[in-house]
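This report refers to the structure that appears directly beneath it.
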Amino acid sequence: MVELKSRSAYILKCAVENEKGISVMDILERLNITKRTFYYDLQKVIEWLEENDFGKVDIKSQVLRVYSDRMDDLRREMGKNTDYFFSIGERRTLEMLFITLSSAAVTIEKMQMFLDVSKNTILTDIRKWKEVLETEKLALISTIQAGYYITGEEFAVRKLISRQLQQLENLYPKTIVRDHLQKSLEELTGHDYDYKEIARCLIKQYVKDVDIKLVSEDIEYECMMIMVSWIRSIKGYVFYVNEDEKATLMVTGSYQSLKKSLENLKQYNMEIPENEVYYITTLLLGIKTIEFSSQEAENLFVYRFTALFIRNYERIACTSLTNRERLSNQLRCHIRPLYYRLKYGLQITNPLSEDVKNKYPETYEFTRRALNEITNELSVMITEEELAYLVIYFVSNRHDRNEIDTSFMEKPKILVVCGEGMATSMLIKEQLEEIMGDIFQYELKAASAIREAYLKQYVIIVSTVYIEALKERKNVFFTSAILTSAEKKEIVRYVGEEGALSKYEKVIQDILAVVEKDTIGKVDRDQLYFDLFQIFQGNNNKTRLIKSVKELIVSQAKDYSSWKEVVKEGCGKLAEGKEAEHLYERMLSVLNSKTMNMYEIRKNILLIHCPMQGIPHGRIEIGLIASREPLTFLNDMEGKLFLFLSTIDNYSHFKILKELYDYLDNEDGIRRMLN
């Protein structure tokens, strides 16, 4: 009597399940066997079919087909056959899942017995796995006592397990894995509970609590991954969760539901570590955004995203940011939780969004463009509310100084207190600096960090939150995040009453006295004091609007031999004589070494930033050069229309630059420039 071994049975099953037949090459690849071995197994199939009167097989054009008058009977008979031959992919997946999810040591002999393959086959698979794991910064190790196990970041191990589970398509290997997970948990806990059912009930309660629907395939996968979480944590593997990610997940209904449900598992003698609650939360939130192979890769993404964001901003705003490293650190601290909020689909409301957009339109526009230059999923998902928070960091950077202020220690202090994070504090600081210039030094603190013993050192305290420790102090001002006109006047009036906080205080008071003496009728002393304070501090020029962009004199488009010729003519539009030559030499040096001074506003339209700090008679100016044919610069940027913008500092050109961008966003503006 002919008996079908597992591999021969697998070949016949593949042919029976495909009415049009199956490619011989496909079978060879699946089973990783030679043609000689295939034809040996095929002979066994032919003999078995003849002996049982089930028909015959034939190969035409390298396609194997079964011909039978009893096909239904043959399918039923094959269904009774419990032998299953794993494909090479399935075999390797099972090997990895056994190694990572077994309660006891996994050896070559154990894998041989279960998978019914030779020792050489297992050793070949292990070599392949070592190569794969090395690319993911993981390592496959073996010792006499522990058998085979994986070392490396647990984040990466879980990702690996997840991918392997999702690669299993056929029912039989899935069943093998489920049984193995159950067996491992029984041996690790010493109890024979139905752990898949416990996981399913946990998901069922979660679905009810957060009011969502899950398809059955998702539930099957998530049940297994929850069991994976329990096995790995019981074995002592710690899944690291970033503190910012914890803070983001903690406020979700998903986390609250799971925390409560997992607390109930104590009745099954299961103590689930806190980090695993966060991990399971991320599973059930169904993340569809950027995926990373490890925590290190995620950290690197945030670092690179921030660096590129800042570089883009400097290029687009034609500026050089002061205290760049400090700004980078601040932005990284904000972008990480921002990434987690977007990753888990958590929307925030920013009540300051419209105020920030209206108060700082130039910085808002440059920040928006800087993000648009980054082509990844995170930048695309950033909402206007999130964008407004990012704008505040760049706004606050305007008032940082690279130079050491020797009088800093002598300046009186203002404390800004907020309960809504660093962004709100910096927004208030920026507004106070606009009112009072640099006569004060500012400290920013969260409400939770306030200690009454230290409050005496501050001349003024501005707070957006009501704190018991502040309510009795006369120098405390409770305000909104965007200071109203009345709040600004009240703060300035207090500054005046304290006396001598501004070097112009005596002059202001003398003017007020004269005005009150010689004016008939009532004088609004607070308003007049506020206006005089602003004038003497020089802040009236700080936020003035530039009414129009200087008229662009557009020459006829002509031919240029190189980009250097374009740059030389462009510098001639911005300066004259030796100043133009000096500027040209500077620009050649800059453009030969880096690309920071160029920005592609639109296709074939390039902005070239020409800083004129240190050049006599430097001014803010715009010059335009038009070329008949596209010209390519060293950084491979290509253009036909070149806008040269000269600047004299980091910020005074902002309004002109924004108007230029707005103009070029309009198709009519483009046509006017090109005609």
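Those letters in the sequence shown? Residues 42 to 716, per this note's numbering, in order. Positions of the beta carbon are idealized from the N, C-alpha and C atoms, including for glycine.
| Item | Value |
| --- | --- |
| Burial state of Asn633 (16 or more Cβ within 10 Å) | exposed |
| Sequence ranges, alpha helix (DSSP H) only - wholly within the region 257-332, length at least 4 | 257-275, 284-291, 294-304, 315-325 |
| Residue interval of the beta strand (DSSP E) (run including Ala667) | 662-673 |
| Contacting residues, own chain, Cβ-Cβ under 6 Å from Glu91 (five flanking each side not counted) | none |
| Cross-strand partners of Ile63 (DSSP beta bridge) | Leu105 |
| Nearest neighbour of Gln498, chosen from Glu471, Tyr483, Ser361, Leu431 [CA to CA] | Tyr483 |
| Alpha-carbon to alpha-carbon, Arg514 and Glu528 | 17 Å |
| Pro214 classed as buried or exposed, judged by whether at least 16 other C-beta atoms fall within 10 angstroms | buried |
| Nearest-angstrom Cα separation, counted from Arg643 out to Leu349 | 19 Å |
| Any 3 or more C-beta pairs closer than 8 Å across the region 78-87 and the region 46-54 | yes |
| First and last residue of the uninterrupted alpha helix (DSSP H) at Leu135 | 129-142 |
| Boundaries (first-last residue) of the alpha helix (DSSP H) holding Asn399 | 394-400 |
| Residues that His650 bridges to, as DSSP identifies them | Leu686 |
| Nonlocal neighbours in the same chain, by C-beta distance under 6 Å from Ile74, ignoring five residues either side | none |
| Distance between Lys54 and Met119 (C-alpha atoms, nearest Å) | 7 Å |
| Top-ranked residue by Cα proximity to Tyr190, from Asp157, Pro392, Lys160, Ser143 | Ser143 |
| CA-to-CA distance, Tyr625 to Lys691, given in whole angstroms | It is Asn, not Lys, that sits at residue 691 in the sequence shown. Distance between the alpha carbons of Asn691 and Tyr625 is about 20 Å. |
| With 16 other Cβ atoms within 10 Å as the buried cut-off, status of Glu418 | exposed |
| Where Ala464 falls: helix, strand or coil (DSSP) | helix |
| Sequence-distant residues of its chain with Cβ nearer than 7 Å to Leu675 (five each side left out) | Leu632, Asn633 |
| Thr330 classed as buried or exposed, judged by whether at least 16 other C-beta atoms fall within 10 angstroms | In this prediction, Thr330 has a pLDDT of 45, which is less than 50 and means its spatial position is unreliable; what the coordinates show is noted afterwards. Thr330 is exposed by the Cβ-count criterion. |
| The region 258-276 touching the region 197-208, judged by at least three CB pairs closer than 8 Å | yes |
| Buried versus exposed call for Arg133 [16 or more other C-beta atoms within 10 Å across all chains shown] | buried |
| Spatial distance of Glu414 from Leu684 (CA atoms) | 19 Å |
| Rounded C-alpha distance that separates Val282 from Val57 | 49 Å |
| Cβ-Cβ distance between Asn516 and Tyr495 below 8 Å | no |
| Residues bridged to Ser504 [DSSP beta-bridge criterion] | Val458, Phe519 |
| 8 Å Cβ cutoff met for Cys651 and Ser687 | yes |
| Tyr247 beta carbon less than 8 Å from that of Ser298 | yes |
| Straight-line Cα distance separating Met639 from Arg367 | 25 Å |
| Complete runs of the alpha helix (DSSP H) confined to the region 181-215 [at least 4 residues] | 195-208 |
| Inter-residue spacing [alpha-carbon to alpha-carbon] between Ala411 and Asn353 | 5 Å |
| DSSP three-state assignment for Asp220, whether helix, strand or coil | helix |
| Where the beta strand (DSSP E) through Tyr483 begins and ends | 482-487 |
| Helix, strand or coil at Val533 according to DSSP, with G and I counted as helix | helix |
| Ser64 versus Pro378, Ser102, Thr141, Thr289, residue with shortest Cα-Cα distance | Ser102 |
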